[in-house]
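J.: From first to last, the protein sequence lines stand for chains A and B.
Counting from 1, one number per residue, gives the positions in the first sequence under the working numbering.
Counting from 1001, one number per residue, gives the positions in the second sequence under the working numbering.
Heads up, the beta-carbon is just placed ideally off N, CA and C, and yes, glycines get one too.
2 protein chains.
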Amino acid sequence: MTRVLVVDDEPQIVRALRINLRARGYDVDAAPDGRTALDLAARRHPDVIILDLGLPDMEGAEVIKGLRGWTSVPIIVLSARHASEEKVETLDVGADDYVTKPFGMDELLARLRAAVRRAAPPEEDAVIVTDDFTVDLAAKKVGRDGADVRLTPTEWHVLEVLVRNTGRLVSQQQLLREVWGPSYENETGYLRVYLAQLRRKLEKDPSRPRHLITEPGMGYRFER
Amino acid sequence: MTRVLVVDDEPQIVRALRINLRARGYDVDAAPDGRTALDLAARRHPDVIILDLGLPDMEGAEVIKGLRGWTSVPIIVLSARHASEEKVETLDVGADDYVTKPFGMDELLARLRAAVRRAAPPEEDAVIVTDDFTVDLAAKKVGRDGADVRLTPTEWHVLEVLVRNTGRLVSQQQLLREVWGPSYENETGYLRVYLAQLRRKLEKDPSRPRHLITEPGMGYRFER
DNA sequence: GGCGTCCTTGACGACCTCGTGGCAACGCCC
DNA sequence: GGGCGTTGCCACGAGGTCGTCAAGGACGCC
Chain A
1 MTRVLVVDDE
11 PQIVRALRIN
21 LRARGYDVDA
31 APDGRTALDL
41 AARRHPDVII
51 LDLGLPDMEG
61 AEVIKGLRGW
71 TSVPIIVLSA
81 RHASEEKVET
91 LDVGADDYVT
101 KPFGMDELLA
111 RLRAAVRRAA
121 PPEEDAVIVT
131 DDFTVDLAAK
141 KVGRDGADVR
151 LTPTEWHVLE
161 VLVRNTGRLV
171 SQQQLLREVW
181 GPSYENETGY
191 LRVYLAQLRR
201 KLEKDPSRPR
211 HLITEPGMGY
221 RFER
Chain B
1001 MTRVLVVDDE
1011 PQIVRALRIN
1021 LRARGYDVDA
1031 APDGRTALDL
1041 AARRHPDVII
1051 LDLGLPDMEG
1061 AEVIKGLRGW
1071 TSVPIIVLSA
1081 RHASEEKVET
1091 LDVGADDYVT
1101 KPFGMDELLA
1111 RLRAAVRRAA
1121 PPEEDAVIVT
1131 DDFTVDLAAK
1141 KVGRDGADVR
1151 LTPTEWHVLE
1161 VLVRNTGRLV
1171 SQQQLLREVW
1181 GPSYENETGY
1191 LRVYLAQLRR
1201 KLEKDPSRPR
1211 HLITEPGMGY
1221 RFER
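Here it is, written out as structure tokens:
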């Protein structure tokens, strides 16, 4: 299901959006201010964000920059202001679309569909095969010796980030940011625990991993 | 250079766009009707298309469908009509953005930048190859004789700075500043140790280095 | 209310990296 | 040729990082 994060401090707008989005099968989170928005974005990983610019605690541009530091999730900006400079600035700091209030719900939903469609990866035939196990990114499934391996949500998330960067080094900060959110960049203990769990479930010899490799002091790397 | 295809049957609009886009370093093609647009898109492979809906020969939706059959190039639609149904339909057949006329040039250019940015490929790997070893900056990987070479974080950091300045002299101060920070500019002993380690790991004859070269009294240089 | 799953947290030992000092070799200048 | 500064090389100790295990706690399900 597509998850939408609505960021707006006006309850009636949030309510209208929630009703309309729910009715069309979207999963809706809502945040009344920038701080909550950044937090929810990190924890819930929405597929698209609808962001009102007139927030009580932060400038809209700051929210966008905070998000763009670690995610490329589509951001659709809502604003009451028609001023050209604001549109330009907002788009240039990383927003994907800019809709002025009052807006037509149909149009907003169409722009939402367009944003999600663009962000959708172009038909991955995403089954990565190693000597020891297989990872199906689309089906979110891991197989080993013919049987499925059960992963917890966090285990899967860590594995997914590594597999999507096959062969490349993923720094500890990057991994923590993508899985736990930007405020967890120092919790390197999590990685030790979860990499160990993944190795125990996937590697033939967990004490000498061949695919989930540690680069001491730098990060981790998935090798096929 | 970014190539833009402008599709519009009004010469003054084409002219205004051409001037503004050229001035900002875009390469501009123009088509006055849908047939020409499809033809030019196929032959010239623009990076983004600006498409007016009021074309003499085809419906705008038909042009978009014709393009979407084989390309995912971003399409920004221009239209004089504010009607919500038209926006919805246009976006749903595959347009990326919808701008109503009269439009502000600044805003259009900002939306163009946003569209191009989204479509940009996620940065390619640049692999530097020498006779003796290879350096993959994106993957943070060094290879030699087919096998990976393990570098410590500091070793990698030193090598990275040198490789990013291939052929150029990097002063000791600059190297120390970039790797250890501004307050270590006098610790030239560090460099001796780490250059020696890198040579031992990478050079065929570490006592006569061919790629990690000392410029006595000045600094170091990486030569392919 | 009990149970199981999952996430978080802390402790500990093994291992490795970094910084450091000493010494020899080399080159340059006087 | 002698003196001096710079560079290459080695070895060692402190501190940090990683893997591992286990316990506590939140949460959802029956």
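Where B:A1023 and B:R1015 are concerned, what is the direct C-alpha to C-alpha distance, given to the nearest angstrom?
T.: 12 Å
J.: So does the stretch 1101-1109 of chain B actually touch the stretch 75-93 of chain A, counting three or more Cβ pairs closer than 8 Å?
T.: yes
J.: Please classify A:A31: does DSSP put it in a helix, a strand, or coil?
T.: DSSP, reduced to helix, strand and coil, places A:A31 within a strand of the structure shown.
J.: Evaluate B:H1211 with the Cβ neighbour count: other Cβ atoms within 10 Å of its Cβ, from every protein chain shown; 16 or more gives buried, anything less gives exposed.
T.: buried
J.: Considering only the alpha carbon of each residue, which of B:Y1026, B:L1021, B:D1008, B:N1020 lies closest to B:L1038?
T.: B:D1008
J.: Alpha carbon to alpha carbon, how far is A:P310 from B:D1096?
T.: Absent from the model: residue 310 of chain A. The displayed extent of chain A is 1 to 224, so no value can be given.
J.: List, in chain order, every chain B residue whose beta-carbon is nearer than 9 Å to that of A:K87.
T.: G1104, D1106, E1107, A1110, R1111
J.: Excluding the 5 residues flanking A:L151 on each side, which residues of the same chain have their C-beta closer than 8 Å to its C-beta?
T.: Only V142, L159, L198, K201 meet the Cβ criterion.
J.: Under 8 Å by Cβ, that's how I've got B:D1029 and B:R1044 pegged, so tell me the actual separation to the nearest angstrom.
T.: 5 Å
J.: Helix, strand or coil for B:K1065? Go by DSSP, reduced to three states.
T.: helix
J.: Strictly below 7 Å CB to CB, what residues from chain A border B:W1070?
T.: Here the premise fails: no neighbours, minimum Cβ distance about 13 Å.
J.: For B:D1097, decide whether its Cβ has a neighbour in chain A, counting only Cβ atoms nearer than 8 Å.
T.: Interface residue, yes.
J.: Around the C-beta of B:W1070, are 16 or more other C-beta atoms found within 10 angstroms, so that it is buried, or is it exposed?
T.: exposed
J.: Per DSSP, which residues does A:E160 bridge with? Please list them.
T.: In DSSP, A:E160 forms no bridge with anything.
J.: Would you decide whether A:E155 is buried or exposed? Buried here means 16 or more other CB atoms lie within 10 Å of its CB.
T.: buried
J.: Let's see if you can read the secondary structure: which residues bound the beta strand (DSSP E) around A:L78?
T.: DSSP places A:L78 inside the beta strand (DSSP E), whose first and last residues are 75-79.
J.: Check each candidate in B:L1195, B:L1055, B:L1040, B:R1068 and name the one with the smallest Cα separation from B:P1011.
T.: Taking only the C-alpha atoms, the option nearest B:P1011 is B:L1055.
J.: Am I right that A:F53 and A:V73 are in contact with their C-beta atoms under 8 Å? What's the rounded C-beta distance?
T.: Looking at the sequence itself, residue 53 of chain A is Leu, so the reference to Phe does not match. Their Cβ separation, rounded to whole angstroms, is 17 Å, which puts A:L53 and A:V73 out of contact at 8 Å.
J.: Does A:L91 come within less than 8 Å of chain B when only Cβ atoms are used?
T.: yes
J.: Mapping DSSP to helix, strand and coil, what is B:S1171?
T.: strand
J.: Are the beta-carbon atoms of A:L191 and B:A1139 separated by less than 8 Å?
T.: By the CB criterion at 8 Å, A:L191 and B:A1139 fall outside the cutoff.
J.: Taking the Cβ atom as the reference point for each residue, do A:L17 and A:A41 lie within a distance shorter than 8 Å?
T.: no
J.: For a cutoff of 8 Å on Cβ pairs, would you count B:W1180 as touching chain A?
T.: Not an interface residue.
J.: Name the chain A residues whose beta carbon is nearer than 7 Å to that of B:K1140?
T.: L169, M218
J.: Grab me the residues of B:A1031's own chain with a C-beta within less than 7 Å of its C-beta, minus the 5 sequence neighbours each way, in chain order.
T.: L1005, V1007, A1037, L1040
J.: Just mark B:A1120 as buried or exposed, buried being the case when its beta carbon has 16 or more other beta carbons within 10 Å.
T.: exposed
J.: Name the residue from A:G167, A:A147, A:Q174 whose alpha carbon lies nearest to the alpha carbon of A:H157.
T.: Measuring from the Cα of A:H157, the nearest candidate turns out to be A:Q174.
J.: Spell out whether any CB of chain B is found under 8 Å from the CB atom of A:S79.
T.: no
J.: Can a CB atom of chain A be found closer than 8 Å to the CB of B:A1016?
T.: Not one chain A Cβ lies under 8 Å of B:A1016.
J.: So that I know if they touch, is there some Cβ in chain A lying closer than 8 Å to that of B:P1153?
T.: yes
J.: Can you tell me the Cα-Cα spacing of B:Q1172 and A:A83, whole angstroms?
T.: 50 Å
J.: Of the residues B:S1079, B:T1100, B:I1075, B:R1081, which one's Cα is nearest the Cα of B:V1093?
T.: B:I1075
J.: With a threshold of 8 Å between beta carbons, is A:S84 in contact with chain B?
T.: yes
J.: Please report the straight-line C-alpha distance between B:D1145 and A:D47, rounded to a whole angstrom.
T.: 43 Å
J.: With DSSP collapsed to three states, give me the class of A:L55.
T.: coil
J.: At the level of alpha carbons, what is the spacing between A:I64 and B:T1188?
T.: 42 Å
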